Amino acid sequence: MTVAVGQHWLIELSQADPARLASPAQIEHALRAAAEAAGAHVVHAHFHHFGPNQGVTGMLLLRESHISIHSWPELAYAAVDLFMCGHAAPERALAVLQAQLQAAACQVRQLQRGPQAVEP
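Counting in our numbering, the sequence shown tops out at residue 581, every number present.
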């Protein structure tokens, strides 16, 4: 029997706006908007820009877990890790991220996270 404590989504966003993917301010805005849409609460944020026209790596620590991103503007691609527990709604976060980053394509792998009990 599996007891799910959270949903962990691995998200591939492609054909996204390179200018947005190269902007730490726009990336942070997108992640904060996604957290808000999901009903999650930001505890801490940290973002690193690799230089002009280069990508951003960043993370929001949430009471409900985290959202992280790594962007490659030159490929119009971003990898997003979305882990939410409790009543947070990752599907709402995903819709906002895709819209904010203007990603034309999206692939998602969903995992249920939690301890497993072995039945006799």
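Note that CB positions come from ideal geometry on N, CA and C, so glycine has one too.
Computed from a predicted structure; not experimentally measured.
- Does the beta-carbon of residue 513 have 16 or more other beta-carbons within 10 angstroms, so that it is buried, or is it exposed? exposed
- Message: Quick test of your reading: residue 537 and residue 479, contact by CB under 8 Å. State the CB separation rounded to the nearest angstrom.
- Response: 5 Å
- Item | Residue closest to residue 504, alpha-carbon to alpha-carbon, out of 473, 468, 493, 511 | 493
- Item | beta strand (DSSP E) segment containing residue 521, residue limits | 517-523
- Query: To which residues does DSSP link residue 528 through a beta bridge?
  - Reply: 521, 543
- Status (buried if at least 16 other CB within 10 Å, exposed otherwise) for residue 579: For residue 579, the predicted model reports a pLDDT of 43, less than 50, meaning its position is unreliable; a value from the coordinates is still stated below. Result: exposed.
- Message: Comparing C-alpha positions only, which one of 548, 576, 529 sits nearest to residue 470?
- Response: 529
- Query: Looking only at its own chain, which residues have a Cβ that is under 7 Å from the Cβ of residue 500, when we skip the five neighbours before and after it?
  - Reply: 548, 549, 550
- Classification of residue 525 by the beta-carbon crowding that lies within 10 angstroms, buried from 16 upward: buried
- Message: Can you list, in chain order, the residues of its chain with a C-beta nearer than 6 Å to that of residue 485? Leave out the 5 residues immediately preceding and following it.
- Response: 508, 510, 517
- What's the C-alpha gap between residue 573 and residue 546? 10 Å
- Message: Comparing C-alpha positions only, which one of 520, 560, 465 sits nearest to residue 489?
- Response: 520
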